[in-house]
Structure formats: C-alpha cells, structure tokens
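Engineer: Quick mapping for you: the protein sequence lines, in order, are chains Y and A.
Throughout the first sequence, residue numbering follows my numbering, covering 3 to 267 in sequence.
Throughout the second sequence, residue numbering follows my numbering, covering 2 to 309 in sequence.
After the structure tokens below, expect a handful of questions from me.
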Amino acid sequence: MSTATLSRTAPAHPAAPAARALVNTRYIKVELRRVARNRRSLIFGLVMPVAFLLIFGASSDYRTQMISEHTNVTAWITVSMALYGAMVAAVSGGASVSVERSQGWTRHLRLTPLRPASYILAKLVGALALGAVSVAVTLVVGAAIHAQMTVGAWIGGALLAWLGSIVLAAFGLFMGYLLPTENIMQILGPLTALLSFAGGLFVPLTQGSVFYHIAQFTPVFGVAELVRWPLGADFSWTALVNVVAWGAVFAAGAAWRFRRDTARV
Amino acid sequence: MRTTPAALELRGLVKEFRAPGAVVRAVDGLDLRIEQGEVVAFLGPNGAGKTTTIDMILGLADPTDGSLAVLGGTPADAVAAGRVAAVMQTGGLLRDLSVAETVGLTGALYGRDVDPLPYLERAGIADLAGRTVAKCSGGQQQRLRFAMALVPDPDLLLLDEPTTGMDVEGRREFWSAIRADAARGRTVVFATHYLEEADAYADRIVMVSHGRVVADGTPAEVRALSAGRVVSAEIDDDAARAAAVDALAALAHVDSVEERGARVLVRTGDSDAVLRHLLGRTAAHDVEVTAHNLEDAFVALTTEGARR
Chain Y
3 MSTATLSRTA PAHPAAPAAR ALVNTRYIKV ELRRVARNRR SLIFGLVMPV AFLLIFGASS
63 DYRTQMISEH TNVTAWITVS MALYGAMVAA VSGGASVSVE RSQGWTRHLR LTPLRPASYI
123 LAKLVGALAL GAVSVAVTLV VGAAIHAQMT VGAWIGGALL AWLGSIVLAA FGLFMGYLLP
183 TENIMQILGP LTALLSFAGG LFVPLTQGSV FYHIAQFTPV FGVAELVRWP LGADFSWTAL
243 VNVVAWGAVF AAGAAWRFRR DTARV
Chain A
2 MRTTPAALEL RGLVKEFRAP GAVVRAVDGL DLRIEQGEVV AFLGPNGAGK TTTIDMILGL
62 ADPTDGSLAV LGGTPADAVA AGRVAAVMQT GGLLRDLSVA ETVGLTGALY GRDVDPLPYL
122 ERAGIADLAG RTVAKCSGGQ QQRLRFAMAL VPDPDLLLLD EPTTGMDVEG RREFWSAIRA
182 DAARGRTVVF ATHYLEEADA YADRIVMVSH GRVVADGTPA EVRALSAGRV VSAEIDDDAA
242 RAAAVDALAA LAHVDSVEER GARVLVRTGD SDAVLRHLLG RTAAHDVEVT AHNLEDAFVA
302 LTTEGARR
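Structural data, given as structure tokens:
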C-alpha cells in the first residue's frame, strides 16, 4: 500500500499539558469516586471505628471520669478512635496500589503520559479524604455520646489524627508495593489493629513498664501520643521522634519499591 | 516537503535476560522499519521475542544493544505525547470501574475530558457502557482496551496478541473494528501467532523466530513461501530425468527441484503447472502431490531462522 497517501502529519488530539502536571485533578476526581464506592474500605475506615467507639466509649462511667479538668475518658477514646479510623483509611488507601499492580493498572499507566508521582498523589488524596470523613464522623458520634474536651482539643485532636495518618499511608504504600496480592488488607487490617494495641492506642500504657518501653519503638505509639497532646497531656518529644522516624522509614521503603516498580528492565 | 519519520525503526535490536546460569537472548539483532500508515503483523511462535520487542518499543524495557526510534523519537517521548498506544494481552484495567468510566479515566490520563461514547462505538461495545469491567468477558475487555487505545488518537497502535482467548465470533468482530480504524491511516502493528489472522488483516507480515526476522513481505509473498506443495514423480531414464530437472527448475513458481534416486521432488507454489509439465512432457509416473500445511511451512521457516 502507499504509505505517502495515508501518513498523517500530526495526531488529532495530542496529550494535553494537563496530562504531565503533577496534580491531575481529573484522575483525583475518579479516585475519590472510587474510594466513596468501595464498600469494604468504607466499612473498615468509617463503620468500624464508630462501632468501636460506641462499644468501648459509651459507658456512663467514662462520661463522668475525668482525665483532666475539661476532658473526660469518653473524649480520650473518641480521639483515639478517630485516629484509628484515619489510620485504617490511610493504610487501605496506600495498600490499594497492591491491588492495582496485580490488575496490571500501574503497568498500563506507564504507557500513558500520567506521571508515576501523580498516581501516588491521587492515592494519597483518596486515602486522606476517606480519613477526613472518618475523623469527622467519629468526632460527631463522640460528641453525641458526651465526649468532653476543650474546643482546642476537638480541633487539634482532629487535625493531628488526620495528618498523623499520613505515616500510615506511607506504611500502606510500602506494603502495597512489597506484597503483590489482591487481598492485602486481610493482612494489613489485623496488623494495623495489632500495631494500635502495641502503640497504646486502644488501651493506655503504664508509663515505666517494660511494655511501655517496647511500645515507644512501635509505629503507632508516636501518632497516638501526639493526638492526645491537645487533651492536656504533656508534649512528648519521644512521640515526635517516633513519628518522624517511622514516617521516614515507610516513605523511604515506599519510594524504593516504587522506583523498582517503575524501572525499565 | 518535510519527510515523515518512520513509525518504527529498529536496528540491530538485542535484548538479553539473565537467567540463573545462562543469558537468554530474547531478541537477537532485529532490524525492522515500518512506515506510517502500514498495517503490519508481527508473526511468530510463542517465545519468538514478539512481546519483548513490543515492550522495548513502548519503553517498558531497555534494549541490551541496538537502537530503536518510535515516530522519529524515543519511546518515552512517544508515550508522553500520547502518540503511541497499546492493547496488551491482559491486565491494564480497573475492575471496579464501569466500561464508560474506564474510557473517561483514560481521557484523564491524557489530561482531557472525553465523552466515552464515540470510542465505545468504534470498538463496538457502546451497549456495555454501564457494565462493570469485572463483569465483562475476555473479548469485551479486549475491545475496551482497544477503545482506551483510541482515546489519544495515537499515530502508532500496538496490539500484543489481542485476540488470545477470544472465540471465533469475537475475534472477527474485534478485527473488523481494528480494520475500520486502520482505514483512517493509523499505523497498526500487531503481534500474533495465528497465521490466518496475519494473512487476513495485515498489509505486511514480518515473521520472527528466535528474536530475528526470518521473512518479511506482503501476505501474498509470505503465503507463497508457506503455501507451497511438493510434487514428486518417478522418471526412470537418467538422461530424461536430468532434462526434466532442468526444465522444471526453469518453470515459474518452482522453489527447488531435488533428485532422490529415480524420484524427482519439486517444491512449488504452482503445483498445477508442474503437474501439467510432468504429465504432458515427460515420462513421469507415480505422481504424488502433497500439500504443505500452513503450520508446517511456518515451522520450517521459523526453525530455519534458528539455524542461521
């Protein structure tokens, strides 16, 4: 056949510049829609923390038992559960790269102008969006069961729980790249709960105990301590170091696996 | 006038993989130039290096040696500009999305808002717009991949064994959609191990074996290579046989003439002419015609490449 007559001079629809931008709002929009539709992550990220709060925090003793002048035990549990919800949302959001890898989606993305970093960003936005909703819902339920704390504690606790969950999003990403399986949350769900116990999120740790010393080195300890700081606890440098260190470890791990995943062979 | 760069230009392309204790050469010095607007079948048995070559063209893998240019540039440039798109064998779909959403999301990947419907229509799956990807059959998913590949309106479309696992009907529908699209002037390169597919849908067939090109031509040319027959007959008299061998070798479409004792074997693309000659002009007897199976010829051609 004659190639001269049929050759085309330029593509009719070249990739728009938006395709190469770091923030691909169109992709993020679809990602948010997918998060909102994912029944499983809604149950684990929204329903479970609220259910835990109602089961463990609604006792009338907790309502009257004060841990500081303006703060009752119910508030302590509310903030803890808000963090737990945000963490589960973050872990499952990050770990969803595992599912999309096993479906060949990340490989497909390499055949498109979308930058790998834009993909990770969309994943993080999705995870943080679900985390934000989870925190908000948990706090509303906490208020309904008479959690008492200062306005600063409501706001500070909410923000710290939400932003602190980024550490766990990095953890989810790292694991998502490390474990190529469709059912990754069956491993990471229980693991997150275990780390929450170990980090003293569900049950307060006795300071000075052997367990406390071990707990300081586990990844949830730092965020759990920081989230309670606005409730009247002392600011803990140990907690901050814990958060920064684990955040760095998980982010480095995720970046390492991510680079391997996008490397050409 | 500006000269258009070749759609694909591969020179001495080599790809080696390290296996325990050995180095495997999946692609072994492949030379190939494909002009824009061609519809080319990349034909070869499994393990011939087709997928590895496509991976390199798409920038998913780096060549060990040699060079390649996609539309005159690097694979990465072609991908970033949306000038090349691919339909892979498996994967590359999000199962929780609907068919229409998948095409919409593909638009997002190219930084555009797109109406999915025209693409679905061209791929012949407009009726499936609302169906979840997970509920689509293999053939329907393949046509969805095709619809996605149309979104950037690429200059070069690569298809890697696109009809594997499709039934006959699905295969025919898929190819008619591809064919209709190629008629608009898009360069289409598809890998396949189905001879009939290459024959029916390509303008040019590039046959690869063991990572090299072993045949390259129009389907008619390749068919002539593969659709030959062997005509054999006995001619008892030595002098008459020698004369017949010379005369047969001079006939059109005769690939080779071989003597085995009193028997003469003629490989030909035109067995009728050979028969007419043998029976009409020689004292040949016990004539046999064996049709070369397409697959046999294919195997013969591809194993020849291995010995080279």
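Glycine included, every Cβ here is placed at the ideal spot set by N, Cα and C.
Quantities reported herein were computed from a predicted structural model and do not represent experimental measurements.
To the nearest angstrom, how far is the alpha carbon of V142/Y from that of G166/A?
Structural biologist: Here residue 142/Y refers to the residue found at position 140 of the first sequence. Here residue 166/A refers to the residue found at position 165 of the second sequence. In a straight line, the C-alpha of V142/Y is about 52 Å away from that of G166/A.
Engineer: Would you identify the three-state DSSP class for V246/Y, choosing helix, strand or coil?
Structural biologist: Counting from one through the first sequence, the residue named residue 246/Y turns up at place 244. V246/Y: helix per DSSP, three-state reduction.
Engineer: Assign G218/A to one of three DSSP states: helix, strand, or coil.
Structural biologist: Counting from one through the second sequence, the residue named residue 218/A turns up at place 217. Strand at G218/A.
Engineer: Apart from the five residues just before and just after N47/A, which ones in its own chain have a Cβ nearer than 8 Å to its Cβ?
Structural biologist: Here residue 47/A is taken as the residue at index 46 of the second sequence, counted from 1. Closer than 8 Å at Cβ, skipping near neighbours: H194.
Engineer: Can you tell me the Cβ-Cβ gap for G131/A and A101/A, rounded? I've got them flagged as a contact below 8 Å.
Structural biologist: Residue mapping note: residue 131/A aligns to position 130 of the second sequence, counting from 1. Residue mapping note: residue 101/A aligns to position 100 of the second sequence, counting from 1. Contact flag correct, Cβ pair sits at about 7 Å.
Engineer: Would you mind working out which of A248/A, D161/A, V169/A, D154/A sits nearest A183/A, comparing C-alpha positions?
Structural biologist: The count along the second sequence starts at 1 and reaches residue 183/A at position 182. Here the closest residue by C-alpha is D154/A.
Engineer: Take H110/Y and list the residues in its own chain whose beta-carbon comes closer than 7 Å to its own, dropping the five residues that flank it on each side.
Structural biologist: Mapped onto the first sequence, residue 110/Y falls at position 108. For H110/Y, where only same-chain residues beyond five positions count, there are no Cβ hits under 7 Å.
Engineer: Evaluate contact between the segment 225–233 of chain Y and the segment 71–82 of chain Y, counting only Cβ atoms and requiring at least three cross-stretch pairs below 8 Å.
Structural biologist: Verdict: yes, contact present.
Engineer: Given a threshold of 16 other Cβ atoms within 10 Å of its Cβ, counted over all protein chains shown, does K136/A qualify as buried or as exposed?
Structural biologist: For the purposes of this step, residue 136/A is taken as residue 135 along the second sequence, with counting starting at 1. Classification of K136/A: exposed, given that the 10 Å Cβ count is below 16.
Engineer: For the segment 80–93 of chain A, which residues have a beta carbon sitting closer than 9 Å to at least one beta carbon of chain Y?
Structural biologist: Answer set for the segment 80–93 of chain A: V80, A81, A82, G83, R84, V85, A86, A87, M89, T91, G92, G93.
Engineer: Let's test the definition: count the other Cβ atoms within 10 Å of the Cβ of A14/Y and tell me whether it reaches 16, buried, or not, exposed.
Structural biologist: One-based indexing of the first sequence puts residue 14/Y at position 12. Low confidence applies here, because A14/Y scores a pLDDT of 49, under 50, leaving its location unreliable and the question unanswered by this model.
Engineer: Using 8 Å as the threshold, is the segment 89–105 of chain Y in touch with the segment 53–64 of chain Y, meaning 3 or more CB pairs across them?
Structural biologist: The segment 89–105 of chain Y is not in contact with the segment 53–64 of chain Y.
Engineer: R261/A by DSSP, collapsed to three states: which one?
Structural biologist: As a first step, residue 261/A is located in the second sequence; it is residue number 260 there, counting from the start. In the structure shown, R261/A sits in a strand (DSSP, three-state: E or B).
Engineer: Could you pull the start and end residues of the beta strand (DSSP E) that D66/A belongs to?
Structural biologist: Taking the first residue of the second sequence as position 1, residue 66/A is located at position 65. 66–71 is the extent of the beta strand (DSSP E) around D66/A.
Engineer: Could you name the residues of the segment 110–122 of chain A whose beta carbon sits closer than 8 Å to any beta carbon of chain Y, in the order they occur along the chain?
Structural biologist: Going along the segment 110–122 of chain A in chain order, one finds L110, Y111, G112, R113, D114 with a Cβ nearer than 8 Å to chain Y.
Engineer: Who does M89/Y pair with in a DSSP beta bridge?
Structural biologist: Counted from its first residue, the first sequence places residue 89/Y at position 87. DSSP, once it has assigned bridges, lists no residue as partnering M89/Y.
Engineer: Taking only beta-carbon positions, decide if R196/A is within less than 8 Å of chain Y.
Structural biologist: The sequence position of residue 196/A within the second sequence is 195, counting from 1. The residue you asked about is not Arg; residue 196/A is Leu in the sequence shown. False, the Cβ-Cβ gap to chain Y never drops below 8 Å.
Engineer: From A230/A to P21/A, what does the alpha carbon distance come to, in whole angstroms?
Structural biologist: For the purposes of this step, residue 230/A is taken as the residue at position 229 of the second sequence. For the purposes of this step, residue 21/A is taken as the residue at position 20 of the second sequence. Ala is not the amino acid found at residue 230/A; the sequence shown has Arg there. Cα to Cα, the separation comes out at about 44 Å.
Engineer: Can you give the beta carbon distance from F173/Y to V225/Y, rounded, assuming they're within the 8 Å contact cut?
Structural biologist: By 1-based counting over the first sequence, the position of residue 173/Y is 171. By 1-based counting over the first sequence, the position of residue 225/Y is 223. 11 Å between Cβ atoms; not a contact.
Engineer: Relative to chain C, which residues along the segment 105–122 of chain Y have a C-beta separation below 8 Å, given in chain order?
Structural biologist: Absence of chain C from the displayed structure is noted, the protein chains being Y and A.
Engineer: Go to R157/A, then tell me how far its alpha helix (DSSP H) extends in each direction, as first and last residue.
Structural biologist: What you label residue 157/A is simply residue 156 of the second sequence in a count that begins at 1. What sits at residue 157/A in the sequence shown is Leu, not Arg. First-last for L157/A: 157–161, but that is the beta strand (DSSP E), not the alpha helix (DSSP H).
Engineer: Which whole-angstrom value is the C-beta distance of E184/Y and K125/Y, which I expect to be below 8 Å?
Structural biologist: Numbered from 1 along the first sequence, position 182 holds the residue referred to as residue 184/Y. Numbered from 1 along the first sequence, position 123 holds the residue referred to as residue 125/Y. Wrong, their Cβ atoms sit about 17 Å apart, outside the cutoff.
Engineer: If we count the other Cβ atoms within 10 Å of its Cβ and call it buried at 16 or more, is A79/A buried or exposed?
Structural biologist: Start at 1 with the first residue of the second sequence, and residue 79/A comes out as number 78. It is buried - the Cβ of A79/A has at least 16 other Cβ atoms within 10 Å.
Engineer: Please list, in chain order, all residues of the same chain as S272/A whose beta carbon is under 7 Å from its beta carbon, the five residues on each side excluded.
Structural biologist: Looking up residue 272/A in the second sequence gives position 271. Only R230, V232, V290 meet the Cβ criterion.
Engineer: Are the C-beta atoms of L59/A and some chain Y residue less than 8 Å apart?
Structural biologist: For the purposes of this step, residue 59/A is taken as the residue at position 58 of the second sequence. Closer than 8 Å to some Cβ of chain Y, the Cβ of L59/A qualifies, so yes.
Engineer: Identify whether F191/A lies in helix, strand or coil by the three-state DSSP scheme.
Structural biologist: Counted from its first residue, the second sequence places residue 191/A at position 190. Three-state result, F191/A: strand.
Engineer: Mind the definition here: the segment 202–220 of chain Y touches the segment 162–180 of chain Y only if three or more C-beta pairs lie below 8 Å; say whether that holds.
Structural biologist: Result no; under three Cβ-Cβ pairs closer than 8 Å.
Engineer: Starting from the N-terminal side, write out each stretch of the beta strand (DSSP E) that is 3 residues or longer and does not extend beyond the segment 105–187 of chain A.
Structural biologist: For the segment 105–187 of chain A, whole beta strand (DSSP E) runs of length 3 or above, ordered along the chain, are 157–161.
Engineer: Would you kindly report the start and end of the unbroken alpha helix (DSSP H) that includes L197/Y?
Structural biologist: Reading the first sequence from its first residue, position 195 is the one you call residue 197/Y. Its alpha helix (DSSP H) spans residues 187–200.
Engineer: Taking Cβ-Cβ distances shorter than 9 Å, what residues in chain A pair up with N26/Y?
Structural biologist: One-based indexing of the first sequence puts residue 26/Y at position 24. Near N26/Y (Cβ distances below 9 Å), the residues of chain A are A109, L110, G112.
Engineer: R26/A: which of G38/A, R34/A, G13/A sits nearest, CA to CA?
Structural biologist: For the purposes of this step, residue 26/A is identified with residue 25 of the second sequence, where counting begins at 1. Closest option to R26/A, Cα to Cα, is G13/A.
Engineer: Using alpha carbons as the reference points, say which of E17/A, T283/A, E197/A, Q142/A lies closest to G30/A.
Structural biologist: Taking the second sequence and counting its residues from 1, the one referred to as residue 30/A is at position 29. Selected option, being the one with the closest Cα: E17/A.
Engineer: Could you check what DSSP says for E33/Y in three-state terms: helix, strand or coil?
Structural biologist: Within the first sequence, residue 33/Y is the residue found at index 31, counting from 1. Here E33/Y sits in helix by DSSP.
Engineer: I'd like to know whether the C-beta of R96/A is nearer than 8 Å to at least one C-beta of chain Y.
Structural biologist: One-based indexing of the second sequence puts residue 96/A at position 95. It does; some Cβ of chain Y falls within 8 Å.
Engineer: Show which residues of chain A have a CB atom less than 8 Å away from the CB atom of Y29/Y.
Structural biologist: Position 27 of the first sequence, counted from the start, is the residue given in the question as residue 29/Y. The contacting residues are L106, A109, L110.
Engineer: Quick test of your reading: D247/A and A263/A, contact by CB under 8 Å. State the CB separation rounded to the nearest angstrom.
Structural biologist: Indexing the second sequence from 1 puts residue 247/A at position 246. Indexing the second sequence from 1 puts residue 263/A at position 262. In fact, because the Cβ distance is near 17 Å, the residues do not count as touching under 8 Å.
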